[in-house]
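FYI, in our numbering the residues of the sequence shown are 28 to 774. Even glycine gets a Cβ: it sits at the ideal position worked out from N, Cα and C. Keep in mind the model is a prediction, meaning the values are calculated, not measured. The structure under discussion appears below in the form of structure tokens.
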Amino acid sequence: MTTAAPETPIGTTSDVELSIGGMTCASCAARVEKKLNRMDGVTATVNFATEKAKVSYPEGVQVADLIATVVKTGYTAEEPPPPAAPQEAAPPADDDPETASLRRRLTVSALLALPVVLMSMVPALQFDNWQWLSLTLAAPVVVWGGLPFHRAALTNARHGAATMDTLVSVGTLAAFGWSLWALFFGDAGMPGMRHGFEFTVSRTDGASTLYLEVAAGVIAFILLGRFLEARSKRRAGAALRALMELGAKDVRVLRDGREVRLPVAQLAVGDRFVVRPGEKIATDGTVVEGVSAVDASMLTGESVPVDVTVGDTVTGATVNAGGRLVVEATRIGADTQLARMARLVEDAQNGKAEVQRLADRISGVFVPIVLIVALGTFAAWIAVTGDTVAAFTAAVAVLIIACPCALGLATPTALMVGTGRGAQLGILIKGPEVLESTRRVDTVLLDKTGTVTTGRMSLHEVYVVDGTAEKDVLRLAGALEHASEHPIARAIAAGAQERTGGLPAPEHFENVPGRGVHGRVDGHDVTVGRFPGALPEALADAKNAAEAAGRTAVVVALDGAPVGVVTVADTVKETSAEAVRELRALGLTPMLLTGDNRAVAEAVARAVGIGSADVIAEVLPEDKVAVVQRLQREGRTVAMVGDGVNDAAALATADLGLAMGTGTDAAIEASDLTLVRGDLRVAADAIRLARRTLSTIKGNLVWAFGYNVAALPLAATGLLNPMIAGAAMAFSSVFVVTNSLRLRAFA
């Protein structure tokens, strides 16, 4: 009998993120992605702007195999440092080694190319043998300045591929080679030779035509474009780097009653640490000692510090703005809210929207098509005009103008800036596909408790019979309720403490099932809750009115006689009404969704400006999904805003899920957008930001597509000098990145 080997569970995969080096354009990213996706069971997404590959791979495939595949494609790959490693401050854009090297190469090339371009364009500067000085200056630019392009083109050729570097290398080397032939074997090297410059292709004697200014000028222009692009890409990712650098570097941990300063990496769950005024809170935790105010503006965008006391939770990287706190660590390292925020932002930046996938497919086949178009242009000019010089000039212009970089940068740079700006404002966009959803949404379902309201009961009105002081009734009721843990009791006790200034201690306390609480306070028998007998007319009317408005009313009885009615209710957030107005301004229909009774729901809806027709009340948690699906069947595109575990399924079912960051982990994980603050106005901001980011992406793509569609025919028909083509190509990429950077000003 033979024993079968245990089967590998079907669908078991692992995820890894690889840092990819050596990519110079979108077609490079498309090649790496294509090679990785050809591996059995591997799914990869390669982002040119972030220079990272997000890869899912099955059992049997090792990370080393993925890296080897990338290396065989002609690029480098490595795993990034583990998330728990402390984040060092990123160097400024100009001090980044790669950017600094590019700047040096650009500076030297520009200084050498400028005289060549001026002498070639201005006949008055062309002294005897000027062409040989031009060759001396242009040669280092073509050979050394263009070395990255030539090296990449050679590497790609070895792998049977062509990229934007191929176009630049072939075009500039062809121009330089032609110039060498004209100088050494033609008439261009003769003393007294003069050379004009035209913006279009003209018919001239090939033996006396030089393209040194094209070879040197194009390389200088493209190096300038690459340098500006590199700086802009670093600025685009600055928000994420700033987010990662927010955390404290060390912490004062309590050890045997003494404060010991340790690196944050050595902190463990359960450790208690001290946070002095002005210091950053080292990690997520619970306050166990002290009272203070915490400034969370760097994480939530909320400028007003939040008061905290014993039992309150605090978040790592926020700043203690008041007194001394002792905090017990509950989350460390990659589990903290800061790390989770950074991870969400980075995942969003590494993803691809549907519009970008189309651009990637075009970029992947664009370069081979351009090479064919260049050869066709050369052949057509020869056939029509018989002029080899004009044919060569037009073909070189086609090679140089057709860079697909703008296509590759259109989406990722806008995503990087948009998601980074969102993180600064306390808005976390989970992925680029979310952007498409925000454009279509027309209905937004608002969970009531914790979203529109605070989720906490608070004291509202106090009604008393004639001859009784409101303060006295409230003081006695608050004293008794202070001994109870019921949410309504806590609301009455807190309100009474605030309004009366102090509460006496009850001499006796009893919880009476179905009736409320009973006890003796200041020599009186006090009962708070239901009253079994008839109420005075004034109190009965007040109780009925409060309940009709959706509030909870309890009766206060003194020595067996009813003397007052106290009402409590879940408080509507101060900003909720404004948030509803902002959502309407975006063309959305806000609807209130709650499990509470209809009277309570309609009272809250009136307070925030939602009509009764748009209130869905008395809905069980499991029925919230059915409500979302019903609206979708009616043809609506639904967004859902919620914060509780009971909202998670509805958030996942909705076309767009927005979770309040003050809510549960289940709700946050199920959502598409996370609003770090508990302010409903941020929901409108999040939708505006997502729509603005999508609009920027589309604007970039329209420019990139339009540029290539318009420029290629101009170059092929001889209406563009190759050097002008090089400048236009370089600045098309810069335009796209600069347009994306406008999102940094979103407010």
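Beta-bridge pairing by DSSP links residue 617 to 471. Under the DSSP assignment, residue 177 falls outside any beta strand (DSSP E), being part of the alpha helix (DSSP H) whose first and last residues are 174-185.
Note that the C-beta distance between residue 354 and residue 312 is below 8 Å. Linking residue 534 to residue 551 through their CA atoms gives a straight-line distance of about 10 Å.
As the crow flies, the alpha-carbon of residue 663 is around 42 Å from that of residue 758. Distance from residue 146 to residue 138 at the Cβ level is roughly 14 Å; contact not present, criterion being Cβ atoms closer than 8 Å. Measuring C-alpha to C-alpha distances from residue 741 to each of 567, 422 and 564 identifies 422 as the nearest. For residue 538, the uninterrupted beta strand (DSSP E) run begins and ends at 535-539, by DSSP. Between the segment 93-104 and the segment 54-63 there are three or more inter-stretch CB-CB distances shorter than 8 Å, so the stretches are counted as touching. Under the three-state reduction of DSSP, residue 79 is assigned to strand. Taking the Cα positions, residue 367 is about 15 Å away from residue 341.
Under DSSP, residue 74 shares a beta bridge with 79. Of the candidates 300, 316, 350 and 521, the residue whose Cα lies closest to the Cα of residue 343 is 300. Residue 579 sits away from residue 602, with the two beta carbons spaced by 8 Å or more. Between the alpha carbons of residue 149 and residue 169 lies a gap of roughly 21 Å. The continuous beta strand (DSSP E) containing residue 665 extends over residues 665-669. Rounded to the nearest angstrom, the gap between the Cα atoms of residue 361 and residue 310 is 10 Å. It is roughly 7 Å from the alpha-carbon of residue 57 to the alpha-carbon of residue 73. With fewer than 16 other beta carbons inside 10 angstroms of its own, residue 217 counts as exposed.
Here residue 644 has 621, 623, 624, 625 and 628 as same chain residues with Cβ atoms under 7 Å from its own Cβ, once five neighbours each way along the sequence are excluded.
Restricting attention to 548, 526, 206 and 394, the CA atom closest to the CA of residue 735 is found in 394. Inter-residue distance for residue 203 and residue 441 is about 37 Å (C-alpha atoms, whole angstroms). Annotated three-state conformation of residue 484 is strand, per DSSP. Rounded to the nearest whole angstrom, the C-alpha separation of residue 240 and residue 206 is 10 Å. The alpha helix (DSSP H) runs lying completely inside the segment 564-641 and spanning 4 residues or more are 564-575, 603-612 and 625-635, given in chain order.
Remark: C-beta atoms of residue 668 and residue 480 do not approach each other more closely than 8 Å.
Measuring C-alpha to C-alpha distances from residue 70 to each of 285, 93 and 727 identifies 93 as the nearest.
When secondary structure is reduced to three states using DSSP, residue 531 falls in the coil class, being assigned neither helix nor strand. In this structure residue 250 touches residue 136 by the C-beta definition: roughly 6 Å separates them, less than 8 Å. Residues of the same chain with a CB within less than 6 Å of the CB of residue 596, apart from the 5 flanking positions on each side, are 487 and 578 in chain order.
Under the three-state reduction of DSSP, residue 359 is assigned to coil, being neither helix nor strand. The way I'd put it, the segment 275-289 doesn't touch the segment 186-198; fewer than three beta-carbon pairs between them come closer than 8 Å. The Cβ neighbour count for residue 54, taken over all protein chains shown within 10 Å, is at least 16; the residue is labelled buried.
Beta-carbon to beta-carbon, residue 686 and residue 702 are separated by about 7 Å, close enough to satisfy the 8 Å threshold. Per the coordinates, the alpha-carbon of residue 633 lies some 12 Å from the alpha-carbon of residue 617.
Residues 490 and 592 of the same chain have their beta carbon placed closer than 6 Å to that of residue 569, with the five preceding and five following residues left out of the count.
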